[in-house]
Every structure is written in C-alpha cells, then in structure tokens.
Amino acid sequence: MALLANHLEQISLSAKSISELELPPPKIFTNALLNNQEITTLIRDTEPHERALFSIDPNALSRNRQQNGFVPIDTKSGHQGRKSGFPSAHPIKQSAVSRLLGKEMLQEIRQSSSARSREGVNVEVLLRGAEKLCEVYTVAGATDRIRVLRNRHREVAGSIAMLEEKVSKQQSLLDRRNLALNSEEREDEQDQEQDPMGHNDTLGFLEEDFQVEEEEIRELEARKKALEERVSDMERDLGGLLK
C-alpha cells in the first residue's frame with residue numbers, strides 16, 4: 001500500500017506541474033483541418049505580412065462593385081440591383097503588392113516601364129518600390145543590392161550627362177570650324193594662284209585637326225554606348241529583383 005501511495009503522489013505532482021505550465025493559446029494552424037481556412041494556414045502559422053501576400057483588399061472589392069454598377073435596392077433584405085442592363089465583369093482583385101506600393105507609385109512604374117515612354121525606365125521609382133516591398137516582406141540581401149544599384153545608377157547617369165555635354169561642345173566646335181573652313185576655302189582659291197605651296201601646308205594642318213577631333217568624338221560615342229549598356233543591365237537586374 002505504501003508503494004502505491006508513492007506512485008499516486010508522483011502522478012499527482014506530475015499532473016500539478018503539467019497544469020501549471022504556460023502554453024500558448026491555439027493558433028490558426030491548430031484548427032486548420034477542422035475549419036475552412038486560408039491556404040496559408042494549411043502550411044504553418046503565418047505572420048500578418050505573409051498573409052497579406054495571399055489576401056485581397058475588401059475595400060477594393062466594394063469599390064469595384066460600385067464602379068460596375070451595383071447599387072443597393074433594399075437595405076433590409078440586402079438585395080442589390082444594377083444600374084445598367086449590361087452583364088458585369090468579375091471585379092478586379094487588388095493584390096497585396098498593389099496595396100503596399102500605392103496607386104501613384106504603380107502608375108509611375110507602369111509609365112516608366114512602358115515601351116512608349118520617351119524618358120526611359122525610371123530606375124529611382126523602381127528602387128523605391130523595391131524598398132517599400134522589402135519593408136513588409138524581407139528578402140535576404142535585397143537592401144544591400146538596392147543600395148549598390150542606386151549608387152551605380154547615379155554614377156552612370158552622371159557620366160552620361162558629362163559625356164553628352166562634352167560631345168555637344170565638340171560638335172559645336174566642329175560646326176564652327178566647318179563654317180570657318182567654307183569661308184577660308186573661298187579665300188584660298190584666290191591665294192592658291194599666288195602661293196600654291198603655302199596653301200597645301202595650311203590644308204594639311206586643318207585635315208590633321210579634323211582627324212583628331214573626329215577621333216575624340218568617336219571615343220566619346222563609344223564610352224556613351226558602353227554606359228548605356230550598363231544602364232540596360234541595371235534595368236534587367238531591377239526587373240529580376242521586383243519579380
């Protein structure tokens with residue numbers, strides 16, 4: 001009997017210690033198989049920012065219903081009617097990414113990414129959008145990569161602007177020399193009869209200057225093309241980052 005009492009005492013102490021444990025309350029995953037839950041609950045207990053990627057904005061659905069012509073007829077019964085007789089399309093679902101970026105930023109991204117855009121892709125807008133998404137859904141190494149891409153874009157943009165200005169100056173200088181050459185050619189036609197040797201020396205000097213200027217212009221154009229290719233690579237990297 002004493003041996004049984006010892007066992008009962010140990011069972012009592014174990015039950016008491018188990019009852020005093022502070023266990024977390026049941027979460028979504030606990031009852032996922034018993035109720036009709038979201039797809040994310042069948043995987044594991046997700047965080048709020050993760051569930052946002054698989055949810056739809058209810059406010060967007062109500063706005064789409066109003067835009068499609070649904071108006072309430074009887075508020076008590078909850079029946080709804082339609083303004084027009086045309087069949088309605090399914091309401092457009094607004095994704096979590098659209099809600100996070102906002103309407104204005106999405107419009108800027110679409111405009112800059114459009115093939116009709118004359119100004120090209122706005123890299124800064126894409127980077128700001130990527131930063132906004134990373135604030136909600138963290139991606140390892142994305143923040144550092146965004147910072148590197150921003151610095152690289154600034155350097156390339158500054159180099160392109162400097163080279164374009166230099167090419168413009170060289171082109172204007174070349175145009176002025178062409179005008180001066182045209183006026184000097186008419187004068188040289190008269191001087192050639194008097195001093196043909198001096199005329200040949202002057203013409204050879206001008207041709208050498210033109211060759212030097214043209215070589216510099218070709219070099220600047222090549223550097224500009226290389227920088228533009230680097231910008232294109234950055235745009236492809238940003239496209240892969242947003243995907």
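Residue numbers (full-length UniProt numbering): 1 to 243.
In this text, a Cβ means the ideal position worked out from N, Cα and C, and glycines have one as well.
Do the region 163–170 and the region 127–147 touch if we need at least three Cβ pairs shorter than 8 Å?
no
Considering only the beta carbon of each residue, do Val231 and Val156 sit closer than 8 Å?
For the purposes of this step, residue 231 is taken as residue 231 along the sequence shown, with counting starting at 1. For the purposes of this step, residue 156 is taken as residue 156 along the sequence shown, with counting starting at 1. It is a contact, given that the beta carbons lie within the stated cut-off.
Note the first and the last residue of the continuous alpha helix (DSSP H) segment covering Glu131.
The sequence position of residue 131 within the sequence shown is 131, counting from 1. Residues 123–136.
Which residues in the same chain have their Cβ closer than 6 Å to the Cβ of Ala2, if we skip the five residues on either side of it in sequence?
Numbered from 1 along the sequence shown, position 2 holds the residue referred to as residue 2. Nothing meets the Cβ criterion.
Below 8 Å, how does it come out for the region 141–157 and the region 168–182: are there three or more Cβ pairs, yes or no?
no
Burial state of Leu126, where buried means 16 or more other Cβ atoms lie within 10 Å:
Taking the sequence shown and counting its residues from 1, the one referred to as residue 126 is at position 126. Per the 10 Å Cβ criterion, buried.
If you draw a straight line from the C-alpha of Arg223 to the C-alpha of Ser159, how long is it?
Position 223 of the sequence shown holds residue 223. Position 159 of the sequence shown holds residue 159. Their backbone Cα atoms lie some 9 Å apart in a straight line.
Below 8 Å CB to CB, which residues in the same chain sit around His90 once its five sequence neighbours on both sides are set aside?
Along the sequence shown, one-based indexing puts residue 90 at 90. The pLDDT assigned to His90 is 46, lower than 50, so where the model puts this residue is not dependable, and the model offers no usable value.
Span of the alpha helix (DSSP H) around Glu9:
Numbered from 1 along the sequence shown, position 9 holds the residue referred to as residue 9. Where Glu9 is concerned, the enclosing alpha helix (DSSP H) stretches over 2–19.
Using a Cβ-Cβ cutoff of less than 6 Å, which residues in the same chain neighbour Leu13 once the five nearest sequence positions on both sides are dropped?
In the sequence shown, counting from the first residue as 1, residue 13 sits at position 13. Excluding sequence neighbours, Leu13 sits near nothing in its chain.
Less than 8 Å between the beta carbons of Glu221 and Gln170, yes or no?
Position 221 of the sequence shown, counted from the first residue, corresponds to residue 221. Position 170 of the sequence shown, counted from the first residue, corresponds to residue 170. Not closer than 8 Å, so no.
Please say whether Glu228 and Val121 have beta carbons closer to each other than 8 Å?
Here residue 121 is taken as the residue at index 121 of the sequence shown, counted from 1. Here residue 228 is taken as the residue at index 228 of the sequence shown, counted from 1. No, these two residues do not count as a Cβ contact at 8 Å.
Short of 7 Å in beta carbon distance, which residues of its chain neighbour Pro87, apart from the five on each side in sequence? Order them along the chain.
In the sequence shown, the residue the question calls residue 87 occupies position 87. Low confidence applies to Pro87: its pLDDT is 44, below 50, so where it sits in the model is not reliable, and the reading given next is rough at best. Excluding positions up to five away in sequence, the list is empty.
With the cut-off set at 8 Å, would you say Glu213 and Leu174 are in Cβ contact?
In the sequence shown, counting from the first residue as 1, residue 213 sits at position 213. In the sequence shown, counting from the first residue as 1, residue 174 sits at position 174. Cβ atoms of Glu213 and Leu174: closer than 8 Å.
Between which residues of its own chain and Leu4 is the CB-CB distance below 8 Å, once the five residues before and five after are set aside?
Here the question's residue 4 lines up with position 4 in the sequence shown. There are no such residues.
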